[in-house]
Structure formats: structure tokens, C-alpha cells
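Everything in the sequence shown is counted per this note's numbering, starting at 9 for the first residue and increasing by one. For each residue, glycine too, the CB sits at the ideal point set by N, CA and C. These figures come from a predicted structure and were not determined experimentally. Heads up, the thing below is written out as C-alpha cells.
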Amino acid sequence: MRNPLVKRLPSEFKNELGKYIVIFLFMALSVSFVSGWSVAGGSMATAYDESFEKYNIEDGNFELYAKADDELIKAVENSDRFDAKIYENFYVEFPTKEVDSTLRIFKKRTDINLECLMDGEFPSSDSEIAIDRMYADNNSLKVGDKLTLHGKEYRICGLVALSDYSALFSSPSDMMFDSIKFGVAIVTADTFGTYPEDKLHYVYSWKYAERPADNTEAKKLSEDFLEKLSSEAPKYMNAVTGYIPEYTNQAIIFTGDDIKGDTAFVQMFLYIIVVIIAFIFAITTSNTIAKEAGVIGTLRATGYTKWEIVRHYLTLPMLVVFAGAVVGNILGYTVLKDYAASAYYGSYSLPTYVTLWNPQAFINTTVIPIIIVFIIDLLMLTRKLSLSPLQFIRHDLSRRKKKKAFRLNTRIGIMKRFRLRVLFQNMPNYIMMVIGALLGNVLVMFGLVLGPVLDNYQQEITSNLLADHQYLLKAQVETENKDAEKFSATALKTIEGALKSEEITVYGIAKNSRYVDLPLGDNEVYISNAYSEKHGIKAGDEITLREQFGSKEYKFRVGGIYYYPSTLTVFMDKDAFNEKFDCDKDYFTGYFSKSEISDIDDLYIATEITVDDLTKVSRQLTRSMGNMMNIFVAFGVIMYVLIIYLLSKIIIEKNAQSISMAKILGYRNSEINGIYIVTTAIVTVVTLLVTIPLSDYLLGQLFVIFMRDYPGWLPYRSFVSVYAKTALIGIGSFAVIALALTRKIKKVPLADALKNVDE
9 MRNPLVKRLP
19 SEFKNELGKY
29 IVIFLFMALS
39 VSFVSGWSVA
49 GGSMATAYDE
59 SFEKYNIEDG
69 NFELYAKADD
79 ELIKAVENSD
89 RFDAKIYENF
99 YVEFPTKEVD
109 STLRIFKKRT
119 DINLECLMDG
129 EFPSSDSEIA
139 IDRMYADNNS
149 LKVGDKLTLH
159 GKEYRICGLV
169 ALSDYSALFS
179 SPSDMMFDSI
189 KFGVAIVTAD
199 TFGTYPEDKL
209 HYVYSWKYAE
219 RPADNTEAKK
229 LSEDFLEKLS
239 SEAPKYMNAV
249 TGYIPEYTNQ
259 AIIFTGDDIK
269 GDTAFVQMFL
279 YIIVVIIAFI
289 FAITTSNTIA
299 KEAGVIGTLR
309 ATGYTKWEIV
319 RHYLTLPMLV
329 VFAGAVVGNI
339 LGYTVLKDYA
349 ASAYYGSYSL
359 PTYVTLWNPQ
369 AFINTTVIPI
379 IIVFIIDLLM
389 LTRKLSLSPL
399 QFIRHDLSRR
409 KKKKAFRLNT
419 RIGIMKRFRL
429 RVLFQNMPNY
439 IMMVIGALLG
449 NVLVMFGLVL
459 GPVLDNYQQE
469 ITSNLLADHQ
479 YLLKAQVETE
489 NKDAEKFSAT
499 ALKTIEGALK
509 SEEITVYGIA
519 KNSRYVDLPL
529 GDNEVYISNA
539 YSEKHGIKAG
549 DEITLREQFG
559 SKEYKFRVGG
569 IYYYPSTLTV
579 FMDKDAFNEK
589 FDCDKDYFTG
599 YFSKSEISDI
609 DDLYIATEIT
619 VDDLTKVSRQ
629 LTRSMGNMMN
639 IFVAFGVIMY
649 VLIIYLLSKI
659 IIEKNAQSIS
669 MAKILGYRNS
679 EINGIYIVTT
689 AIVTVVTLLV
699 TIPLSDYLLG
709 QLFVIFMRDY
719 PGWLPYRSFV
729 SVYAKTALIG
739 IGSFAVIALA
749 LTRKIKKVPL
759 ADALKNVDE
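This is the structure in C-alpha cells:
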């Protein structure tokens with residue numbers, strides 16, 4: 009080690025050990041989180057992508073009113089605009105006796121939408137059933153347990169993942185899947201053949217000879233397929249009652265989109281953290297240069313070049329960042345990877361996966377962060393070290409002529425003036441504190457606010473039901489129940505534009521309705537507040553909706569907004585509804601009722617909309633993300649503490665000579681604490697007052713962006729309790745920091761006042 013600069017590195021590292029340990033831990037934690045999530049997400053995304061071919065996943069499915077004739081199937085397949093093969097994929101749905109849920113049961117598939125066996129074995133007898141693994145976990149079911157369905161007891165012989173139900177959406181219009189009260193299962197073909205025909209859903213899946221290259225091609229092919237299907241079905245006395253191309257099927261695509269979206273999000277999060285670390289290094293190195301200006305000037309005067317000194321001051325930051333990245337990757341590939349995988353398996357019905365080496369994750373978590381830190385610190389160092397050797401020897405590090413410090417009003421007390429000087433002299437540090445606190449508060453508030461948002465959403469839905477009981481019928485059947493009120497309903501779609509096309513329920517409400525109190529006219533409609541908030545529609549606007557399985561469009565003039573937060577809905581007069589949709593004057597599709605309707609046979613009831621159906625979003629998100637929220641809070645607190653501690657420590661070190669002089673002049677440690685720590689405390693409190701509302705606003709905007717990709721609407725709400733908890737966490741965290749800073753000030757020696765007396 010002939011180079012004196014190299015010999016100085018160990019002593020510099022020892023002198024700044026606390027700073028480097030903090031930054032190393034910060035870097036390692038951030039990289040481990042991102043690396044683990046990227047590796048698990050990348051491996052699962054690969055398994056997900058490969059599953060389309062491995063399990064022969066459909067290109068779409070449709071449901072018919074009745075079982076299709078062979079001639080109808082052949083007529084649809086016989087097209088010059090697409091080459092597709094159609095497969096039966098019938099199912100039944102039964103409630104379970106042992107748990108409060110509904111199971112959608114298929115026969116074991118052999119040609120399309122194959123299953124992945126996760127545990128046990130596939131059913132082989134008429135008393136065996138294999139159920140979805142995720143559904144089983146959420147309902148504490150295991151292989152060997154019993155389930156009673158439609159009056160028959162089954163033994164759970166296996167746990168499976170159905171390739172076309174990686175996310176357990178029971179309906180394409182649902183905003184969120186439900187893996188608690190909805191599940192899928194398979195039985196043998198013989199067992200399935202014993203189910204009553206009136207319970208069968210005549211669903212057919214199709215598969216193109218060649219998979220579409222992208223969603224644009226898939227959309228064109230699916231439109232051609234729907235046009236052919238819609239034109240052929242009536243010829244064979246049938247009708248299309250459901251149609252879902254694969255590229256819009258949330259049960260298939262939601263999982264892949266979410267995994268890939270998470271990976272992009274955590275990578276962006278890491279880059280923000282790395283930029284903060286780089287600026288912290290820049291500030292600390294600048295402070296070091298100011299302290300060692302005389303040494304640097306001497307070295308430059310004796311022949312050392314600017315670039316040799318730049319390289320010297322870059323070495324330790326780069327080594328610390330590199331070490332943090334390496335340790336973070338090791339933790340990511342070992343501990344955090346398994347945690348991320350368990351989080352995905354806790355939400356989705358994924359097949360088995362194999363951990364894959366992810367070179368892109370290594371680049372994103374190691375190479376790019378090192379480059380970011382290198383560029384930012386290099387720019388700062390080259391600018392700072394471009395001064396002449398004489399300027400360094402004189403400690404004249406200002407590029408501009410020194411201005412006389414602006415005078416503070418002498419009426420201000422000496423201690424307050426001192427604090428103001430500390431504030432102005434360390435403004436870059438305090439600005440970084442504000443940025444770090446903002447990011448920390450966003451994470452903390454996100455972890456704290458999701459629970460109240462979901463609870464509030466569930467309470468709003470249950471408090472604003474259209475009726476205690478809502479029945480949709482397969483055929484028009486009368487009832488003697490005096491609470492019952494007829495309504496008409498249909499489903500339309502929004503026109504795809506800035507937002508994806510999604511289902512809108514249109515209700516025809518009886519005049520003077522007991523359940524929906526609205527002044528409905530013939531020429532105007534009301535829309536739910538959920539529809540209004542998501543799409544930015546207000547009274548007086550005109551909306552255009554399209555029929556679900558065709559191209560006909562309908563225009564409506566919005567007369568007002570009705571508070572109904574659960575779904576995207578249009579309300580119109582029942583007579584106007586029947587006229588608009590060419591229905592008979594007495595046409596209706598269901599009943600609102602205050603009490604249960606018991607005189608209509610189940611054969612004629614398509615579905616009963618329950619509170620469970622409307623609250624599945626809050627239920628599932630609480631199940632999927634409840635434990636993760638604590639991680640966001642913890643990580644936000646760690647970020648907050650590390651950044652504020654590090655920058656506060658730099659301020660004290662930068663002012664060590666002034667602190668030492670104050671001690672010589674007789675100021676007690678408590679009085680010095682009142683200058684430096686109280687100044688930082690005031691900045692912290694002001695920062696909390698500013699950044700908490702700003703964090704809340706940013707989260708609200710992120711919620712809007714997040715919900716654009718999902719059907720339905722989950723409104724973001726602010727809560728005073730969340731504000732208070734975030735503030736208390738911030739103040740409590742600073743109290744811990746203040747104790748450490750007090751010890752730091754106490755250790756400043758009196759001899760520091762004698763250093764650089766020539767300045």
C-alpha cells in the first residue's frame with residue numbers, strides 16, 4: 009500500500025463507521041426486499057406464462073342458454089375468419105355444508121384447461137373430490153376432510169390448481185376475486201354426469217389453432233368469434249348468455265398482470281431509495297471535503313490530480329453500496345424470496361414453480377443502483393474538487409464571492425436566532441429530510457390506511473343495500489310476498505377508452521319504488537356514485553354504453569347521482585327501460601324484497617345477490633394483504649429513522665467546532681441540545697404537518713390509478729385516526745433519534761474548537 013490515499017481508507021471507514029453501517033443496512037434491506045420479490049415474481053411469472061401451453065389454457069369461453077347441438081358447434085367452428093376448436097366445459101355450483109362457501113364443480117378435464125395437482129391425488133371414485141388449494145387453505149380444509157355438496161358427502165382426495173382459475177373470480181364483472189367463499193373443484197366424469205340438468209351451466213371453451221400474437225389480434229379474433237356465435241345460436245333455438253375472451257378473463261389474466269406489475273413497482277421503489285442514498289453520500293462526502301479541505305489542498309499542491317482524489321472519495325461509498333447490494337441479493341434469494349412466494353401463494357391459485365436465476369433482477373438491484381450512486385456522487389465530487397489547491401488550503405470552498413450573512417432581527421432571542429442560523433446553514437440536509445420523511449410517511453400511511461378503507465367500504469355497502477333480498481330470475485314468475493317489488497335489469501359495457509371496458513348494471517325501477525327513492529323520468533337516468541367517481545361523470549353528461557354480446561350502443565342523459573357505492577350502476581324508470589330495450593310492457597327480471605321470498609322454486613332463480621357478494625372485495629383484500637400492511641409500516645419507519653438520523657448526525661458533525669466552542673463558553677449540553685436537536689425536532693414536526701396530508705393526497709391519486717385497471721370501484725377515504733397514528737409514529741421515531749443525537753453531542757470534545765482556527 010504505497011499510495012497514502014489508500015492507507016487512509018481504513019481510518020476513514022472507522023471514523024465514519026456509524027454512517028456506513030446505517031447506509032449499508034438501508035441498502036441491504038431495500039435490495040433484499042426488491043431482489044426477493046423480483047426473483048419470486050420472475051420465477052412465478054415464467055411458470056404462469058408457460059402454463060398456457062403446459063395446461064392448454066383456453067382462448068376464451070362462452071355460455072349458452074341450453075346445451076348446444078353438434079350442428080351449432082360445427083357451424084361456429086366453420087369460419088373463414090378464424091380457426092378454432094370448441095370444447096365442453098360445463099359446471100355446477102353448490103353451497104358447502106361444512107363451511108360458508110360455494111363450490112364451482114367441473115369434471116376432470118382432459119383436453120383443455122388442465123389441472124396441476126398440488127397435494128394428494130385426482131378423484132377416481134364417485135365419492136372423491138379435488139378442491140382448489142387456495143380455497144382449501146383459506147377454509148382450513150385438507151386432504152382427507154369431508155365436504156357435503158347437494159346432499160352428498162365427498163372425501164377431499166387432492167388439492168389442485170385449475171389453470172383457468174389462477175385467481176378465483178366467480179364472475180367477470182367482479183372487482184375482486186374471492187378465495188374464501190368461492191372455490192373451484194373437480195370430480196370424475198361419472199360423478200359429474202349424476203348432477204341434475206337444471207343446475208348445469210352450459211359453458212364452452214374454445215382454442216385457436218395458433219395463439220394470438222398480442223391482445224390486439226386476440227380482440228379482433230374474439231369479435232369475429234362473437235359475431236359468428238351470436239348469428240348462429242338463434243338458428244338453433246339457443247342464445248348466448250355469457251362471453252369471455254381470454255385476454256379479458258380476470259380469472260386467467262389477473263394473476264400474471266399483478267405479479268408483473270408488482271415487479272415493476274418494487275424496482276421503481278428501489279431506484280427512489282438508491283437516489284436518496286446517493287444524495288446522502290453526496291452530502292456527507294461534501295461535509296468530509298469541507299472538514300479535510302486543508303489536507304486536500306496540500307495533496308493537490310504536492311502533485312495529486314483531481315481525479316485521484318475523486319477516485320479516493322468515491323471508493324468507500326461505492327464499496328458500501330456494492331456490499332449492501334451483494335448482501336441484499338443473498339438475503340433476497342434465500343429468505344425474502346420464500347416470503348414473497350408465500351405471499352403470492354396466499355393470494356392466487358398458482359401451479360408449482362421452480363426458482364430461476366434472474367439476470368435482469370441482478371442488473372436492477374445491483375448494477376443500476378451502483379451506476380446511479382456513481383453518477384450522482386461523481387458529478388458532486390468533480391464539481392466540488394475543481395477548485396484550486398490554494399482555495400482548499402484557505403478553506404475557501406465557495407465558488408461565488410461570499411455574501412455577508414443576512415441580519416436577523418435583534419428582537420429575536422439569541423437561542424432562536426442560533427436555531428435559525430443552524431437551519432439556514434444546513435438547508436440541503438433538511439430538504440433531504442423532508443423528502444425522506446415524505447417517502448416514509450407514504451409507506452406508513454399505506455400500511456395503516458388500507459384496513460380502515462376496506463372496513464369503511466364494507467360498512468358503506470351494508471348500509472346502502474338496495475334491498476335486504478335481491479333476486480334475479482331465469483323466467484318471469486309471480487310471488488305472493490307483499491314485500492316483493494319487480495325490477496328489470498340488464499348488463500351493458502362501457503366503451504373502451506382511457507379506461508378498460510367494464511360491465512355496467514342497468515336497473516329498471518318501478519314508479520314510486522319502496523327500495524330506490526329516485527325521481528326517475530322518461531328521458532334521464534341516475535348513476536351510482538361509484539360509476540360517477542370512477543369515470544368522472546356528473547349530472548348533465550351523456551353516457552354511451554354497448555350491449556355485452558353485440559355492437560348496438562345506447563345513449564343516456566345523466567339526471568343525477570344516486571349514492572350506491574357497491575357497483576357501477578345505471579338507474580332508470582322501469583317503463584322507459586322496457587321501451588329502451590324492446591321488452592314487453594310487463595317485462596321484469598327480478599324482485600327487491602325486505603323479506604325472503606319462499607314461494608318461487610329454486611329452478612327459476614338465477615341468483616340471489618347477497619351481502620357476501622357485494623363485500624368480497626374488502627374480505628379478499630383483507631385476507632391477501634392484511635399481513636403485508638405491517639411490512640409497509642415497518643419499512644416506512646425504518647426508512648424514516650435511518651434518513652433523519654443520518655442527516656441529523658451529519659449536521660452535528662458539520663457543526664462540531666461550533667458545539668465545542670459553545671461548551672468552552674459555558675453552555676451546558678442541555679442548552680446545546682436545545683439549539684441543534686430542537687431545531688431538527690421543529691423541522692421534523694413541521695415536516696410531519698406538511699407531508700402527512702401530502703402523503704394522503706398521493707395515496708388517493710395512486711388509488712385512482714390502481715383502480716383504473718380493475719372492474720368496479722373502491723373509493724379512497726381519509727381518516728383522522730390514520731393521521732394521528734402516522735404523526736405519533738413519526739414523533740416516537742424522532743424521540744429515539746433524539747436520544748442518539750444527545751449522546752453524539754455529549755461526545756463532542758472541547759479540543760475541536762481549536763481546529764482550523766485559521767479559517
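Buried/exposed call for residue i, threshold 16 Cβ in 10 Å
| i | result |
| --- | --- |
| serine 132 | exposed |
| tryptophan 365 | exposed |
| glycine 152 | exposed |
| glutamate 767 | The predicted model places glutamate 767 with a pLDDT of 46, which falls under 50 and marks its position as unreliable, so this point remains unresolved. |
| arginine 751 | exposed |
| serine 678 | exposed |
| lysine 189 | buried |
| lysine 852 | Absent from the structure is residue 852, since the part of the chain shown begins at 9 and ends at 767. |
| arginine 141 | buried |
| valine 274 | buried |
| isoleucine 280 | exposed |
| arginine 219 | exposed |
Simplified DSSP state of residue i, which is helix, strand or coil
| i | result |
| --- | --- |
| proline 131 | coil |
| tyrosine 432 | It is worth fixing the name first, because residue 432 is phenylalanine in this sequence and not tyrosine. Reduced to three states, the DSSP call for phenylalanine 432 is helix. |
| arginine 117 | coil |
| glutamate 66 | coil |
| isoleucine 700 | helix |
| tryptophan 214 | strand |
| aspartate 140 | strand |
| aspartate 463 | helix |
| valine 756 | coil |
| leucine 125 | strand |
| glutamate 71 | strand |
Rounded straight-line distance, which links the Cα of residue j to that of residue i
| i | j | result |
| --- | --- | --- |
| phenylalanine 5 | isoleucine 164 | Nothing can be reported for residue 5: it is not among the residues displayed for the chain, which extend from 9 to 767. |
| lysine 501 | isoleucine 512 | 6 Å |
| asparagine 295 | leucine 655 | 11 Å |
| methionine 9 | isoleucine 667 | With a pLDDT of 44 at methionine 9, under the threshold of 50, the modelled position of that residue is not reliable, and no figure is offered here. |
| glutamate 71 | leucine 473 | 29 Å |
| methionine 669 | arginine 427 | 16 Å |
| phenylalanine 262 | aspartate 88 | 31 Å |
| tyrosine 95 | isoleucine 194 | 17 Å |
| asparagine 69 | tyrosine 718 | 20 Å |
| isoleucine 137 | tyrosine 210 | 21 Å |
| leucine 696 | alanine 445 | 8 Å |
| phenylalanine 400 | leucine 749 | 30 Å |
| arginine 402 | lysine 392 | 15 Å |
| isoleucine 680 | isoleucine 672 | 12 Å |
| lysine 588 | leucine 722 | 30 Å |
Residue range of the unbroken beta strand (DSSP E) whose run includes residue i
| i | result |
| --- | --- |
| lysine 154 | 154–157 |
| alanine 36 | Per DSSP, alanine 36 belongs to no beta strand (DSSP E); it is in the alpha helix (DSSP H), 25–62. |
| glutamate 769 | Missing from the structure shown is residue 769; the chain here goes from 9 to 767 and no further. |
| arginine 163 | 160–170 |
| methionine 580 | 577–581 |
Boundaries (first-last residue) of the alpha helix (DSSP H) holding residue i
| i | result |
| --- | --- |
| tryptophan 721 | Where tryptophan 721 is concerned, there is no enclosing alpha helix (DSSP H), given that its DSSP letter is neither H nor E. |
| leucine 278 | 258–299 |
| tyrosine 539 | 537–543 |
| lysine 508 | Careful: lysine 508 lies outside any alpha helix (DSSP H) and carries neither H nor E. |
| isoleucine 420 | That residue, isoleucine 420, is in no alpha helix (DSSP H); it is neither H nor E in DSSP. |
| isoleucine 338 | 314–339 |
Under 8 Å: do the segment 560–579 and the segment 535–550 share three or more Cβ pairs, one atom per stretch?
Output reads yes: the segment 535–550 touches the segment 560–579.
| request: Tell me, please, whether the segment 360–378 touches the segment 312–322 by the rule of three or more beta-carbon pairs shorter than 8 Å. | output: In short, these stretches do not touch, since the Cβ pair count stays below three.
Contact between the segment 700–712 and the segment 438–456: three or more CB pairs below 8 Å?
Output reads yes: the segment 438–456 touches the segment 700–712.
How do the segment 69–85 and the segment 242–259 stand: do at least 3 beta-carbon pairs fall below 8 Å, yes or no?
Short answer: they touch.
Exercise for the section: Would you check if the segment 291–308 and the segment 366–376 touch, i.e. whether three or more CB-CB distances between them fall below 8 Å? Expected result: These segments do not touch.
query = Should the segment 21–38 be called in touch with the segment 313–333, which here means at least 3 C-beta pairs below 8 Å?
reply = Using a C-beta cut-off of 8 Å, the segment 21–38 makes contact with the segment 313–333, since at least three inter-stretch Cβ pairs fall below that distance.
Original post:
Can at least three beta-carbon pairs, one atom from the segment 14–22 and one from the segment 339–357, be found at a separation below 8 Å?
Top reply: Taking 8 Å as the limit for Cβ pairs, the verdict is that the segment 339–357 does not touch the segment 14–22.
Flag this pair as touching only if the segment 450–466 and the segment 640–655 have three or more C-beta atom pairs under 8 Å; answer yes or no. Yes, since at least three Cβ pairs between the segment 450–466 and the segment 640–655 fall closer than 8 Å, the two stretches touch.
Counting beta carbon pairs with one atom in the segment 725–740 and one in the segment 470–489, are three or more of them shorter than 8 Å? Verdict: no, contact absent.
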